[in-house]
Amino acid sequence: MNLNLSNKVILISGGAKGIGGAISRGLITEGAIPVMIDPSEKEGAEILALGEAFQIPIRIFAAADSEKVVQLTLEKYGRIDGLVNNAGANDGVGLENGSPEAFEKSVAKNLNHYYHLAHFALPHLKKAKGSIINISSKTAVTGQGGTSGYTAAKGAQLSLTREWAVELLPYEITVNAIIPAEVFTPLYENWINTFPNPSERLAEITAKIPLGKRMTTPEEIAAMAIFLLSDKAEHITGQHLFVDGGYTHLDRAL
5 MNLNLSNKVI
15 LISGGAKGIG
25 GAISRGLITE
35 GAIPVMIDPS
45 EKEGAEILAL
55 GEAFQIPIRI
65 FAAADSEKVV
75 QLTLEKYGRI
85 DGLVNNAGAN
95 DGVGLENGSP
105 EAFEKSVAKN
115 LNHYYHLAHF
125 ALPHLKKAKG
135 SIINISSKTA
145 VTGQGGTSGY
155 TAAKGAQLSL
165 TREWAVELLP
175 YEITVNAIIP
185 AEVFTPLYEN
195 WINTFPNPSE
205 RLAEITAKIP
215 LGKRMTTPEE
225 IAAMAIFLLS
235 DKAEHITGQH
245 LFVDGGYTHL
255 DRAL
């Protein structure tokens, strides 16, 4: 299937590792140009070696960071056709073991740049009739415990997906969210390694994934993202798409 992504310029926050890295690699395969907003130099260099791509090696926090990303992209390519909001971290700021200050910082770190990037990229997405994808998390709908800031941000991302889908209808910009569950990324590995017996904990989690008793791969999340960025998905908007092997909705007794 020709997805008509050739030479399309796609911004991806956290685009050098994990899910973002898989999206970048997949876009290169389709002839698109990923712009990786990610300070990870080693992983970024590996992706740059695969084909046309661009890395902006910063971690975005303030609105000015996102504005700079858009400016640098326009200086190099003159266009922006899509945006994948992806960067974030499950930082364990809970209700009992947390503080108002830590909560506010966690929400800001995981949420604000989604808005900032979309805001500054919007004039160019309007010209392209482009797409926005928000990578959220199943924790937004299931809860996890001990991570109030992260789940608040992830829930807000789902809300903004529908809000932006409505607001941007006149411009034919599609806005969708992808909701992963258990995906073995570098951040996930770091989390697993906080347990006394990481391999046992990993086996327990994997055994509860209905489809295939295995984790979703970053490439499977990427496949959905790449499809949503393509012309083939131009009538899909405002959707929350679970790519999770049935983890969120199917009975764990399976």
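Take 5 as the starting number for the sequence shown in the numbering used here and just add one per residue.
Glycine is no exception: its CB is placed at the ideal position from the N, C-alpha and C atoms.
Owing to the predicted nature of the structure, the values given are computational and were not obtained by experimental measurement.
Put simply, the region 220 to 228 touches the region 16 to 26. At least three CB pairs are less than 8 Å apart. Following the DSSP letters along the chain, one finds Val88 inside the beta strand (DSSP E) bounded by residues Gly86 to Asn89. In summary, Gln75 is exposed, with fewer than 16 beta-carbon neighbours lying within 10 Å of its beta-carbon over all protein chains present. Here Ser44 has Ala20 and Lys21 as same chain residues with Cβ atoms under 6 Å from its own Cβ, once five neighbours each way along the sequence are excluded. Taking a cut-off of 8 Å for Cβ pairs, the region 150 to 161 and the region 185 to 197 do not touch, as fewer than three such pairs fall below it.
The closest CA to that of Phe65, considering only Lys109, Gln243 and Thr155, is found on Lys109. The bridge partners DSSP lists for Phe58 are Val39. When the five nearest sequence neighbours on each side are left out, the beta carbons in the same chain lying within less than 8 Å of the beta carbon of Ile240 are those of Thr178, Asn180 and Leu232, in order along the chain.
Among the bridge pairs identified by DSSP, Asn180 is matched with Ile137.
Closest in alpha carbon position to Val73, among Ala93, Ile51 and His128, is His128. A check of alpha carbon separations from Asp235 across Asp85, Glu105, Asn114 and Asn116 identifies Asp85 as the nearest. In the DSSP assignment, Thr220 is bridged to Val187.
Checking the DSSP bridge columns, you'll see Ile196 has no partner listed. In the DSSP annotation of this structure, His253 is not part of any alpha helix (DSSP H), being labelled neither H nor E.
Residue range Pro104 to Val111 is occupied by the alpha helix (DSSP H) that includes Val111.
Under the DSSP assignment, Ser234 falls outside any beta strand (DSSP E); it carries neither an H nor an E label. Of the other Cβ atoms in all chains shown, fewer than 16 fall within 10 Å of the Cβ of Met5; this residue is therefore exposed. Residue environment for Leu31: buried (at least 16 other C-beta atoms within 10 angstroms of its C-beta).
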